[in-house]
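For reference, the structure discussed in these notes is given below.
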DNA sequence: GGATCTATTTTGATTTGTCAAAATCCATCC
DNA sequence: GGATGGATTTTGACAAATCAAAATAGATCC
């Protein structure tokens, strides 16, 4: 069975590969994500390649094999279902649950995972709006507009918050910016790098373009 | 923070110390419990002693320090609350949950532990009847009679099943021998090493003295 | 097309936890 | 009171994962 370190390398490779068109992940990005020095990543990736979990293209990067992707998706599924459990059942603060899930994702068995999934009603996304991989190994890759790129004035529904930092999530929570919330962009000042926002019946407030880009939104639908 | 290995050494030391009047645990017992060779236990115990978690009395054994006991109780509390959660909430088979909890006990934070404890209604024992250490670090050490030592004919309530082996728990479950069940010892044949038992309205059945000694019982009380 | 810069790899060392097997201690037994 | 035997400790080795720092490969820039 994969060690905790192996699971982490594979999970982060999957997450980084998602934002790269060809699925090739540079060594440096992986090392940064895992908070190890580059040499450590090289050593480990070579070992993963020997185990058939990744393909290593020296000096270019790595990509997951089918088996590596399978393992990575299973870990990600555990992570996101655990987060959902911690928020929906244990009522924990969504800013904390990422750190908790980083540990638990390596400790829960597939049997427990299945029970949790059933208890939670087979959710499609976690509390941050991140898609939960299915048992069969499919992962939604839907792309949405963000508060930095969407049309102004229209009513929009928040669908995903793509920054797991506790500080950012606490800020978002404080302004009601969690999946399901409805808001509209009042103004976007590019030179100043500011977006002005209003939630239903609340006071307008501003946030940076960088922060706004982390909030994914969709048009509000009937019902 | 304590590593997984350290937590396991301390937890098993606590469990073994409970069945020793002076709290001294022989090296060999610890090594057997942890499934390591004796030399490994010696090495590790010396390291634990350097960290102030145990006292090592060379060639005699080891005992927990106050700090070591504190850590061990916290791990044991996690283990038993997780087992309770897995059985009571996720409805898992009580024969499986010990193995699951062995992993999870090292991955759940104190914050999650507190929420779990509240969700479960602050239980005093786990599904096997093993006492759950309190947040304050107290652990019931109540001793009961067993089906191998109790009076015959009297109605008795099962309070604890002290063998976490999946096979044994499956056997016990099949005969309804879980905490709360009521049964009476019909006969005890010492030369044959057999105990004959009957649960309310069920057919009598026999089990070995060794097996009977693992089932703890108390007099049935009114209500 | 050579100098330079940056990302990556290599090298050597460290920590943690483990095993195999040899050495040692100590209680006990004649 | 020395031989025996079982538990414990010591010794030397190893695997996994990491870091620091030197070496190297590639891209880029005049």
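Chains as they are written, first to last, in this note's numbering: chain L, 441 to 663; chain V, 441 to 663.
Glycine included, each C-beta is placed from N, C-alpha and C at the ideal position.
Partners in chain L for residue i, counting only beta-carbon separations shorter than 8 Å
{"i": "residue 559 (chain V)", "result": "529, 530"}
{"i": "residue 469 (chain V)", "result": "Per Cβ cutoff of 8 Å: no residues; residue 469 (chain V) is ~27 Å from chain L at best."}
Beta-carbon neighbours of residue i, restricted to chain V and to distances below 7 Å
{"i": "residue 511 (chain L)", "result": "Within 7 Å Cβ-Cβ: nothing; residue 511 (chain L) doesn't reach chain V, min ~17 Å."}
Chain-order list of residues whose beta-carbon lies under 7 Å from that of residue i (same chain, five-residue window excluded)
{"i": "residue 535 (chain L)", "result": "606, 609, 610, 613"}
{"i": "residue 507 (chain L)", "result": "492, 493"}
{"i": "residue 448 (chain V)", "result": "474"}
{"i": "residue 628 (chain V)", "result": "592, 635"}
{"i": "residue 501 (chain V)", "result": "464, 465, 466, 467"}
{"i": "residue 510 (chain V)", "result": "577"}
{"i": "residue 512 (chain V)", "result": "450, 451, 453, 454, 504"}
{"i": "residue 499 (chain L)", "result": "none"}
Contacting residues, own chain, Cβ-Cβ under 8 Å from residue i (five flanking each side not counted)
{"i": "residue 477 (chain V)", "result": "471"}
{"i": "residue 621 (chain V)", "result": "597, 598, 639"}
{"i": "residue 486 (chain V)", "result": "496"}
{"i": "residue 630 (chain V)", "result": "649"}
{"i": "residue 459 (chain L)", "result": "none"}
{"i": "residue 560 (chain V)", "result": "521, 524, 525, 528, 529"}
{"i": "residue 661 (chain L)", "result": "597"}
Exposure label - residue i; buried when at least 16 CB within 10 Å
{"i": "residue 588 (chain L)", "result": "buried"}
{"i": "residue 557 (chain L)", "result": "buried"}
{"i": "residue 578 (chain V)", "result": "exposed"}
{"i": "residue 520 (chain V)", "result": "buried"}
{"i": "residue 586 (chain L)", "result": "buried"}
{"i": "residue 541 (chain L)", "result": "buried"}
{"i": "residue 531 (chain L)", "result": "exposed"}
{"i": "residue 545 (chain L)", "result": "buried"}
{"i": "residue 539 (chain V)", "result": "exposed"}
{"i": "residue 488 (chain V)", "result": "buried"}
{"i": "residue 594 (chain L)", "result": "exposed"}
{"i": "residue 665 (chain L)", "result": "Not covered by the structure: residue 665 (chain L). The range shown for chain L is 441 to 663."}
{"i": "residue 484 (chain L)", "result": "buried"}
Residue i versus the options, residue with shortest Cα-Cα distance
{"i": "residue 726 (chain L)", "options": "L:548, L:516, L:525", "result": "With chain L running from 441 to 663 in the structure shown, residue 726 (chain L) is simply not present."}
{"i": "residue 551 (chain V)", "options": "L:561, L:570, L:527, L:563", "result": "L:527"}
{"i": "residue 461 (chain L)", "options": "L:581, L:630, L:627", "result": "L:581"}
{"i": "residue 481 (chain L)", "options": "L:458, L:509, L:511, L:445", "result": "L:445"}
{"i": "residue 656 (chain L)", "options": "L:642, L:602, L:650, L:632", "result": "L:602"}
{"i": "residue 523 (chain V)", "options": "V:451, V:650, V:565", "result": "V:565"}
{"i": "residue 641 (chain L)", "options": "L:518, L:624, L:548, L:653", "result": "L:624"}
{"i": "residue 568 (chain V)", "options": "V:512, V:632, V:618", "result": "V:618"}
{"i": "residue 650 (chain V)", "options": "V:441, V:632, V:513, V:548", "result": "V:632"}
{"i": "residue 453 (chain V)", "options": "V:658, V:483, V:505", "result": "V:505"}
{"i": "residue 553 (chain L)", "options": "L:571, L:645, L:525", "result": "L:525"}
{"i": "residue 573 (chain L)", "options": "L:456, L:584, L:514", "result": "L:514"}
{"i": "residue 562 (chain V)", "options": "V:549, V:541, V:518", "result": "V:518"}
{"i": "residue 604 (chain V)", "options": "V:626, V:570, V:509", "result": "V:570"}
{"i": "residue 443 (chain L)", "options": "L:547, L:659, L:533", "result": "L:547"}
{"i": "residue 659 (chain V)", "options": "V:590, V:489, V:487", "result": "V:590"}
{"i": "residue 584 (chain V)", "options": "V:647, V:560, V:653", "result": "V:653"}
{"i": "residue 503 (chain L)", "options": "L:469, L:533, L:529", "result": "L:469"}
{"i": "residue 615 (chain L)", "options": "L:646, L:537, L:549", "result": "L:646"}
{"i": "residue 537 (chain L)", "options": "V:533, V:543, V:549, V:537", "result": "V:549"}
{"i": "residue 555 (chain V)", "options": "L:529, L:560, L:555", "result": "L:529"}
Contact list for residue i against chain L, beta-carbon separation under 7 Å
{"i": "residue 661 (chain V)", "result": "Going along chain L, no residue has its Cβ under 7 Å from residue 661 (chain V), so there is no contact; the nearest lies around 34 Å."}
{"i": "residue 540 (chain V)", "result": "549, 552"}
{"i": "residue 604 (chain V)", "result": "Chain L residues near residue 604 (chain V): none, gap ~16 Å exceeds 7 Å."}
Beta-carbon neighbours of residue i, restricted to chain V and to distances below 9 Å
{"i": "residue 526 (chain L)", "result": "552, 555"}
Same chain, Cβ closer than 6 Å to residue i, neighbours up to 5 away in sequence not counted
{"i": "residue 457 (chain L)", "result": "463, 465"}
{"i": "residue 626 (chain L)", "result": "636, 638, 644"}
{"i": "residue 600 (chain V)", "result": "569, 656"}
{"i": "residue 479 (chain L)", "result": "none"}
{"i": "residue 533 (chain L)", "result": "none"}
Beta-carbon neighbours of residue i, restricted to chain V and to distances below 8 Å
{"i": "residue 536 (chain L)", "result": "551"}
> If contact means a Cβ-Cβ distance below 9 Å, which residues of the stretch 543 to 571 of chain V contact chain L?
Replying inline: 543, 544, 545, 546, 547, 548, 549, 551, 552, 555, 556, 558, 559
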